[in-house]
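Numbering (full-length UniProt numbering), first residue to last: 1 to 166. Cβ atoms here follow ideal geometry from the backbone N, Cα and C, with glycine treated the same way. Values in this document were obtained by computation on a predicted structure and should not be read as measured data. As structure tokens, the structure follows; a few thoughts come after it.
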Amino acid sequence: MNYHMVRTDDMLNGDGLRVVLFLSGCEHQCNGCHNPETWDIKSGRPLTISVLKKIYQELDKDYISGITLSGGDPFHPANRAFVLYLLKDIRKKFPTKTIWIYTGYKYDFLVDDSWCQAILSYADVLVDGRFISNLASVNYPWAGSTNQRVIDVKKSLSQETVILYS
């Protein structure tokens, strides 16, 4: 799996101070995307053990709230197996850290796919939906456009309906 960047001490992509991993690969290719360089699954660099160690060292800091996966799209079909492994490992090693995921796919699509549902089982918050440039708003917390939903995954899975994060 390839990635483009690891950002530490990020306050824009989820609540609290976070580590953000920007993955390669996106099928949505939204007009006005903030990261079009991440669309090609072959772009970026391989996600190596040394990069993972750096991420884990950051997550080990008390003041880091958790990790956010963005991209590209963490749910790109080529990313799913490794993302599942990664989130399972992070949840085991850092059980109190929150996991946020940004995706162009809608929640309803994801819960109907067994791989995606397995990934969601490790997530706390999902920001779903394609970025729509004419709905972009800097005042809409944690999402790029107002059509995107910030979903409390744990509550949504347990209640079998979308519950927004607050």
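Could you tell me whether the Cβ atoms of residue i and residue j are closer together than 8 Å?
i	j	result
Y102	L69	yes
I41	N2	yes
G144	H28	no
C33	H76	no
In terms of residue numbering, what span does the beta strand (DSSP E) encompassing residue i cover?
i	result
I101	T98 to Y102
F22	R18 to L23
S70	G66 to S70
V6	N2 to D10
Could you check where the alpha helix (DSSP H) with residue i kicks off and where it finishes?
i	result
L55	For the sequence presented, residue 55 should be read as Ile rather than Leu. It spans I49 to L59 - the alpha helix (DSSP H) in which I55 sits, taken as one unbroken run.
Can you give me the C-alpha to C-alpha distance between residue i and residue j, rounded to a whole angstrom?
i	j	result
K93	L86	11 Å
residue 227	N139	Because residue 227 is not part of the residues shown, which for the chain are 1 to 166, the question remains open.
Y56	I67	10 Å
L135	W142	14 Å
D108	I163	12 Å
W39	P46	15 Å
G16	S133	26 Å
E37	S137	22 Å
Report yes or no: do three or more beta-carbon pairs, one from the region 94 to 113 and one from the region 123 to 131, lie closer than 8 Å? yes
Which runs of the alpha helix (DSSP H), 4 residues or longer, sit entirely within the region 78 to 158? Here the runs fully enclosed are 80 to 93, 107 to 111 and 114 to 120.
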